[in-house]
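Notes follow once the structure below has been shown.
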Amino acid sequence: MVAELFPNGISHYAIGGLLVGLGVATIYVGTGISAGASTFLESTLSYGSTLSRFQQYRPSRDWRVVFTLGIVAGAAIYAVTASPQDGLWVTEVQWWRLLVGGILVGVGTRVGKGCTSGHGVCGVGSVSNASFVGVATFLLIAIGTAQLVQAVGVVP
Amino acid sequence: MSGEHEQHPLFMPLVFVGGLIFGFGLGFSQMAQPEVVLSFLQFEDFGLLFVMFGAAIVTGITYFGVKQVRSTAPLTGAAYARRLKTLDKNVVIGGGIFGVGWGLSGICPGAAYASLGIGNYAMLWGIAGMFIGAYTQGFWRSTRTESATTTTAAD
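If you read the protein sequences in the order shown, they are chains A and B.
Numbered by the numbering used here, the letters in the first sequence go through residues 4 to 159 in order.
Numbered by the numbering used here, the letters in the second sequence go through residues 74 to 228 in order.
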């Protein structure tokens, strides 16, 4: 039963999740800031765009770039220290799925006030009703979408 | 938050270290791999629940625990506050749009940045898409706000 639900075990998932939480906790304890990943998209656009929507993020845009570079570097450290079969992979998901999905993620996370880290980690950790609703919404819709995509035979 | 926060010499290094741990964790969990996210959403491997809830539990304990020790953060002087957003229809509409994108591609913002660090350059398609999407909603909301009233967006 357990083996059916978790064919790849749970240890790397659980340890990885604890580390993701520890990263958020480190920043929070030091600065009081809840660091979500998707605000970086809009705050970085403020460097090159004068649209009023993005200007509210000017004060935080520099540290958000540093946070994102840290995520990239941390994952790179993982990749070079992991065993080849764990750390080295290239996604086979088709480019158009990444692009179209990415566009919807960009719109949705910003309209919906958070992503998997902002709502899912910081917001749920804060026992926020808005985040519970946000997570339930994107999780259920994502499950439906992924199953539909699979059912119509889009692979990979 | 103001730019003053960034004056403390340890502010940026701490944010970077937090990002390092966060990104290493995303790599270690395999959540940076779209195929793993899709296998969760398609009910083939439920392990991703441990990533999300494991992270939220650590964050929850920290958010509530740190306030028992001190009231303000050492590097910014900011009061420790929970991450609370106003629950309105945007949370549901945006969450729904994000859900379609996540289910189609298997990528979310943090995992996409981590994926790039692992050397998965195909992820540039996804990150380019995220910037296009973020710009599109920003353009729409900025022009709508300016034509309707002079009030600024509050979320």
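By construction, the Cβ of each residue, glycine as well, lies at the ideal position given by its N, Cα and C atoms.
For clarity, every value in this text was computed on a predicted model and none was experimentally measured.
Looking at L99 of chain B and G77 of chain A, is the spacing between their C-beta atoms short of 9 Å? The sequence position of residue 77 of chain A within the first sequence is 74, counting from 1. The sequence position of residue 99 of chain B within the second sequence is 26, counting from 1. For the 9 Å CB-CB criterion, G77 of chain A and L99 of chain B form a contact.
Short check: CB of G109 of chain A to CB of S134 of chain A, under 9 Å? Stepping through the first sequence from its first residue, residue 109 of chain A is reached at position 106. Stepping through the first sequence from its first residue, residue 134 of chain A is reached at position 131. Not in contact: G109 of chain A and S134 of chain A (Cβ atoms no closer than 9 Å).
Please report whether the beta-carbon of Y16 of chain A lies at a distance below 9 Å from any beta-carbon of chain B. Taking the first sequence and counting its residues from 1, one reaches residue 16 of chain A at position 13. Using a Cβ-Cβ cut-off of 9 Å, Y16 of chain A counts as an interface residue toward chain B, since at least one Cβ of chain B sits closer than that to its own.
For the candidate residues A:H15, A:L54 and A:G39, whose alpha-carbon lies nearest to that of Y208 of chain B? Taking the first residue of the second sequence as position 1, residue 208 of chain B is located at position 135. Restricting attention to A:H15, A:L54 and A:G39, the CA atom closest to the CA of Y208 of chain B is found in A:L54.
Identify which residue in A:I36, A:G126, A:V158 and A:F141 has its Cα closest to the Cα of T149 of chain B. For the purposes of this step, residue 149 of chain B is taken as the residue at position 76 of the second sequence. The option with the nearest alpha carbon to T149 of chain B is A:I36.
Could you check which residue in B:A185, B:R143, B:F116 and B:K158 has the C-alpha nearest to that of L142 of chain A? Counting from 1 along the first sequence, the entry for residue 142 of chain A is found at position 139. Check the Cα spacing between L142 of chain A and each of B:A185, B:R143, B:F116 and B:K158: the tightest is with B:F116.
Does any C-beta atom of chain B lie closer than 9 Å to the C-beta of P87 of chain A? For this step, residue 87 of chain A is matched to residue 84 along the first sequence. Taking Cβ atoms only, chain B never reaches closer than 9 Å to P87 of chain A, which makes this a no.
Could you tell me the alpha carbon to alpha carbon distance between A227 of chain B and I94 of chain B, rounded to whole angstroms? On the second sequence, position 154 is the one that residue 227 of chain B refers to. On the second sequence, position 21 is the one that residue 94 of chain B refers to. With a pLDDT of only 48 at A227 of chain B, under 50, the local geometry of the prediction cannot be trusted, and no value is derived from it.
Partners in chain B for Y50 of chain A, counting only beta-carbon separations shorter than 9 Å: Translated into the one-based positions of the first sequence, residue 50 of chain A becomes position 47. Within chain B, no residue comes near Y50 of chain A; the closest Cβ sits about 12 Å away, beyond 9 Å.
Check distances from the C-beta atoms of the segment 96-124 of chain B to those of chain A and list, in chain order, the residues that come in under 7 Å. Within the segment 96-124 of chain B, the residues whose Cβ lies closer than 7 Å to some Cβ of chain A are G96, F97, G98, L99, G100, F101, S102, Q103, M104, A105, Q106, P107, E108, L111, L114, Q115, D118, F119, G120, L121, F123 and V124, listed in chain order.
Three or more C-beta pairs closer than 8 Å, one from the segment 30-44 of chain A and one from the segment 111-127 of chain A: is that the case here? The segment 30-44 of chain A is in contact with the segment 111-127 of chain A.
Status (buried if at least 16 other CB within 10 Å, exposed otherwise) for A82 of chain A: The count along the first sequence starts at 1 and reaches residue 82 of chain A at position 79. Counting Cβ neighbours within 10 Å, A82 of chain A comes out buried, since at least 16 surround it.
Other residues of its chain near V124 of chain B: CB distance less than 7 Å, five sequence neighbours each side excluded: The count along the second sequence starts at 1 and reaches residue 124 of chain B at position 51. So the list reads S102 and M104, once near-sequence residues are dropped.
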